[in-house]
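All remarks here apply to the structure that follows.
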Amino acid sequence: MEMTAEEFQEKFGIVGTSPAMKEVIATIMKVAPTDVTVLINGESGVGKEIVARAIHGASARSARSVVAVNCGAIPEGILESELFGHQRGAFTGAVETRKGYFEIADGGTLFLDEIGDMPLPLQVKLLRVIETGEYMRVGSSATQTSDVRVIAASNKSLEDEVAKGFFRQDLYFRLRSVNLYIPPLRERREDIPIFIEKFSHEFCERNKIVFGGFSRESIEILSGLEWPGNVRELRNLVESVIVLERGNHVDAAAIEKYLPKSGAFYSGEPTSRFLPVRVDKTPEESERELILRALWEIKNDIVDLKSFFQADRPERKLALPVPQYVPGPHEEAEDSSDGKELNLEEMEKYLIQSAIKKFHGNKRMAAQALGISMRSLYRKLQQYKLKDV
Ligand SMILES: Nc1ncnc2c1ncn2[C@@H]1O[C@H](COP(=O)(O)OP(=O)(O)OP(=O)(O)O)[C@@H](O)[C@H]1O
Ligand SMILES: [Mg+2]
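Throughout, the numbering used here is defined as the position within the sequence shown, counted from one, plus 123.
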């Protein structure tokens, strides 16, 4: 079943004809049929997951499942039991023996996203299961086996993480048997028109929208942007333009409305990309934001400290509460006297929402702009039941 690169791209929905993309396709077609571990690197939104899924889909394991785990989104305290499962009674709340992802993905592929966020003690266990296929459930000393192909992804440079002592070198060497780098969208701009075409076609089809299309000029404008959130950001923009233009033909003037006003993070200067979320605020508002941010960091430090101290007491791992902000009496009084004052929780919620909106759904950039970790952002999204864009 030899496939051409075009057929391969068609089958897995991966578009792009730039030399960079062709090289990526050639590599994944070569590695897919093997069992080799693949490490995919690239900025947020460049297509690491779609590539990982294509590698699985083109492998002999394709009849079995591919399980994707975002190591950055799962609280550290439960990541081990998520990956390896746990024995009944291993800790409070472990009322049943539970399968881990290595067991669920047996015979298939495990996609470990944001591998750079995996805690060091767990990295040792991961290396072992990759090398020997053996692992132990939390709370059990019996060895389990699993036949899983691991594909890992990271938008941090793991080499830097190794240098800083946050990532084990042996695991890094093991993972990067094949190292696949997907370049940012701004380095393969020739693919932008193809993406626009694909995303608008798919979106209109799915939502039964008759769309007037993008003018050539508007496509040129979009092709010239920096796209710090890469393909995901482009996709989100295309979809919101189509919805808001209600199917009209989109020309240059129309597209301008959807471009970021400040242009600050489209200047291409790396430092300007992670400026504070809002620059259009009064000094008073900015001050509030700073205070909020500081409080937030303190809270997160407390959570991390708690999980650190509880790490060697596995029975308490699951009982870790996420601290809720309890408004003091003064704030409560203020709240009831005039409804306009936002309490800290509402501000937090608002800040998160605006950061996510500002970065077109790119959570890593939103977290960075807010000055919090990805893990905290995911926790907040869950806590406030915010839509996971
Ligand atoms: N070459 C491509 N062809 C078609 N769609 C793509 C391509 N690259 C990315 N996409 C789309 O862009 C979006 C982001 O891609 P994906 O989730 O794979 O990125 P990612 O690198 O895993 O991002 P993150 O680091 O934020 O997890 C998805 O909707 C994906 O389908
Ligand atoms: Mg991803």
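Ideal Cβ placement from N, Cα and C applies to all residues, glycine included.
Leaving aside the five residues before and after Pro-450 along the sequence, list all residues of the same chain whose C-beta is less than 6 Å from its C-beta, in chain order. Because the pLDDT of Pro-450 is 43, which lies under 50, any placement of that residue in the model is unreliable, and the question is left without a value.
Coil, strand or helix - Leu-382 by DSSP: For Leu-382, the secondary structure class from DSSP, reduced to helix, strand or coil, is coil.
Are Ile-475 and Lys-503 close, meaning C-beta to C-beta below 8 Å? A contact, by the Cβ cut-off of 8 Å.
Considering only heavy atoms of ligand 2 and the C-beta of each residue, which residues fall inside 7 Å, strictly closer? Result: Lys-171, Glu-172, Asp-236 and Ala-276.
Quick one: does the C-beta of Lys-321 sit closer than 7 Å to a heavy atom of ligand 1? At least one heavy atom of ligand 1 is nearer than 7 Å to the Cβ of Lys-321, so yes.
For Leu-233, the three-state DSSP class (helix, strand or coil): Reduced to three states, the DSSP call for Leu-233 is strand.
Can you tell me the Cα-Cα spacing of Val-366 and Ala-376, whole angstroms? Roughly 17 Å between the two C-alpha positions.
Glu-205 and Leu-245 look like a contact to me (Cβ under 8 Å); what is the Cβ gap, rounded to whole Å? So it is not a contact: roughly 10 Å between Cβ atoms.
Can Ser-346 and Val-373 be called in contact, C-beta distance under 8 Å? In this structure, Val-373 does not lie closer than 8 Å to Ser-346 by Cβ.
Span of the alpha helix (DSSP H), counted from its first residue to its last, around Ile-163: Element bounds for Ile-163: not the alpha helix (DSSP H) but the beta strand (DSSP E), 161–164.
Cβ of Ser-167 versus every heavy atom of ligand 4: is any distance shorter than 7 Å? This structure does not include ligand 4; its bound ligands are ligand 1 and ligand 2.
For Glu-362, which residues of its own chain have a beta-carbon under 6 Å away from its beta-carbon, when the five flanking residues on both sides are left out? Here the set comprises Phe-326.
Ala-186 burial status per 10 Å Cβ neighbour count (16 or more: buried): Under this definition Ala-186 is an exposed residue.
What are the partner residues of Phe-318, as DSSP defines its beta bridges? For Phe-318, which the question treats as bridged, DSSP gives no partner whatsoever.
Under three-state DSSP, which class holds Gln-132? In the displayed model, Gln-132 falls within a helix according to three-state DSSP.
Could you give the C-beta distance for Ile-163 and Ile-305, rounded to a whole number, given that I count them as a contact under 8 Å? That belief holds up - the Cβ atoms of Ile-163 and Ile-305 are roughly 7 Å apart, short of 8 Å.
Classify Ser-280: buried if its beta carbon has 16 or more other beta carbons within 10 angstroms, exposed otherwise. Result: exposed.
Give the straight-line distance between the Cα atoms of Asp-270 and Lys-380, rounded to the nearest whole angstrom. If you take the alpha carbons of Asp-270 and Lys-380, they lie about 51 Å apart.
Would the beta-carbon of Val-252 be found less than 7 Å away from any heavy atom of ligand 1? Flag unset: Cβ of Val-252 not near ligand 1.
Under three-state DSSP, which class holds Tyr-507? Reduced to three states, the DSSP call for Tyr-507 is coil.
In the DSSP output, what is Gln-491 paired with across the bridge? For Gln-491, which the question treats as bridged, DSSP gives no partner whatsoever.
Could you spell out where the alpha helix (DSSP H) holding Asn-353 opens and where it closes? Its alpha helix (DSSP H) spans residues 353–367.
Below 7 Å, is the gap between the Cβ of Asn-164 and the nearest heavy atom of ligand 1? Closer than 7 Å to some heavy atom of ligand 1: that does not describe the Cβ of Asn-164.
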